[in-house]
Amino acid sequence: MRKKMAFLMVATLMVSVISGCKGVSVDINKGSSEASSSESSSSDSSSSEDSGKASGSEAESGNKDTMFQVSLLQGLTEGDFDGSVSAAEYKTMGDTGIGTFDGLNGELVMLDGKIFRAAGDGSVEEVDDSETIPFGNTSFFEADSTQEISDVGSYEELQDILNDSVHELGANYFYVVRIDGSFSEMHVRSELKQEKPYGTINEALEKDQKEFDYKDIEGTMVGIYCPSFMSQLNNVGWHFHFVSDDRSKGGHVFEIKVKDAEISMDFTDDYKVVLPDSEKFQETDFSVDRSADVKKAETKQKILMESWLRFNIKGTPSYF
Numbered sequence: 003m004r005k006k007m008a009f010l011m012v013a014t015l016m017v018s019v020i021s022g023c024k025g026v027s028v029d030i031n032k033g034s035s036e037a038s039s040s041e042s043s044s045s046d047s048s049s050s051e052d053s054g055k056a057s058g059s060e061a062e063s064g065n066k067d068t069m070f071q072v073s074l075l076q077g078l079t080e081g082d083f084d085g086s087v088s089a090a091e092y093k094t095m096g097d098t099g100i101g102t103f104d105g106l107n108g109e110l111v112m113l114d115g116k117i118f119r120a121a122g123d124g125s126v127e128e129v130d131d132s133e134t135i136p137f138g139n140t141s142f143f144e145a146d147s148t149q150e151i152s153d154v155g156s157y158e159e160l161q162d163i164l165n166d167s168v169h170e171l172g173a174n175y176f177y178v179v180r181i182d183g184s185f186s187e188m189h190v191r192s193e194l195k196q197e198k199p200y201g202t203i204n205e206a207l208e209k210d211q212k213e214f215d216y217k218d219i220e221g222t223m224v225g226i227y228c229p230s231f232m233s234q235l236n237n238v239g240w241h242f243h244f245v246s247d248d249r250s251k252g253g254h255v256f257e258i259k260v261k262d263a264e265i266s267m268d269f270t271d272d273y274k275v276v277l278p279d280s281e282k283f284q285e286t287d288f289s290v291d292r293s294a295d296v297k298k299a300e301t302k303q304k305i306l307m308e309s310w311l312r313f314n315i316k317g318t319p320s321y322f
């Protein structure tokens, strides 16, 4: 098993093997001055299905203000669609989050401890615990602030509201957000399951992305915010998925109009990555800048990056 030690600004990265699994965990802890690594061996009877999983006891006993991430978005961009963490294990890492499924089989929305698939045919279903996840972000949600909003005319306008809050609380930390309310318009996408050999994510989306427009719908947007130093690990800024209250509609959010809603924001200062122990992941060259591919995959228009740039112009520290 591999061990590495590195530092990122004031944060400490600990690369270690989580007890009972083969996956590598990268820990970022605010304000820590020491890095450590540890390794524990699996018993001979351990199943290969344990690869890439965090143990439930660790997630439950650790800091609940932790953003867990499965793999890297840049790996998913290159076609690493094989699930490495089961839905059951994902639930030990958090109760609120987003992601996708094995084979890029729809958009993952995690809410109140339940994991839903917004599928490429427009349907929504709660997935079985055996379903596997190649990429996702989750945390145990505890609202640190709430805000009522109404008559928000666009996704861009919503992000400006959220960015004001992040600017006040600290732009170099992580946030999990849920927005519960009524939406006059909701434009989302999902995608059909891919078959091997996989292409890149943008090749998959070009042929199998499906978009859906909903009017006067009630539901919840679940989103995460990643700071600028995460540009080589995830999507910088905001990333939202949606599921309707009746659990019949959902997807990756492209555009919205809000009637009335409540924003609940969870400040998160701890970050952990569970890396897959796979040949595809090991062979991927992560020195290549994939920011343009990530942006293309995650946005319908230039909404997210333009909002992020306006946010940084206000004076927010930036590390890239």
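Counting from 1 along the sequence shown, just add 2 to a position and that's the residue number in our numbering.
Beta carbons are placed, not taken as given, at the ideal position from N, Cα and C, and that holds for glycine.
{"Item": "Local Cβ density within 10 Å of residue 163, reported as buried at 16 or more and exposed below that", "Value": "exposed"}
{"Item": "Residue range of the unbroken alpha helix (DSSP H) whose run includes residue 171", "Value": "157–171"}
{"Item": "Pairwise C-alpha distance: residue 133 and residue 118", "Value": "11 Å"}
{"Item": "C-alpha distance - residue 103 paired with residue 142, whole-angstrom precision", "Value": "20 Å"}
{"Item": "Buried versus exposed, by CB contacts within 10 Å (16 or more), residue 251", "Value": "buried"}
{"Item": "Spatial distance of residue 73 from residue 211 (CA atoms)", "Value": "22 Å"}
{"Item": "Where residue 113 sits in the DSSP three-state scheme", "Value": "strand"}
{"Item": "Whether residue 227 touches residue 68 by CB criterion (8 Å)", "Value": "no"}
{"Item": "With 16 other Cβ atoms within 10 Å as the buried cut-off, status of residue 279", "Value": "buried"}
{"Item": "Residue 261, enclosing beta strand (DSSP E) - first and last residue", "Value": "252–270"}
{"Item": "DSSP-derived helix/strand/coil call for residue 187", "Value": "strand"}
{"Item": "Where residue 91 sits in the DSSP three-state scheme", "Value": "helix"}
{"Item": "For residue 101, the residue or residues it bridges with in DSSP", "Value": "110 and 138"}
{"Item": "Endpoints, the beta strand (DSSP E) within which residue 246 is located", "Value": "239–246"}
{"Item": "For residue 154 and residue 262, the rounded distance between their alpha carbons", "Value": "8 Å"}
{"Item": "Proximity winner among 108, 120 and 94, relative to residue 248 (alpha-carbon distances)", "Value": "120"}
{"Item": "Simplified DSSP assignment, three categories, for residue 79", "Value": "helix"}
{"Item": "For residue 277, the three-state DSSP class (helix, strand or coil)", "Value": "strand"}
{"Item": "Spatial distance of residue 145 from residue 295 (CA atoms)", "Value": "32 Å"}
{"Item": "Backbone secondary structure at residue 70 - three-state DSSP", "Value": "strand"}
{"Item": "Close-in-space but distant-in-sequence residues of the same chain around residue 266 (CB under 6 Å, 5 per side omitted)", "Value": "145, 148 and 180"}
{"Item": "Contact under 8 Å by Cβ, residue 190 with residue 254", "Value": "yes"}
{"Item": "Beta-carbon spacing of residue 187, residue 207 below 8 Å", "Value": "no"}
{"Item": "Own chain, CB closer than 8 Å to residue 232, minus 5 neighbours either side, in chain order", "Value": "238"}
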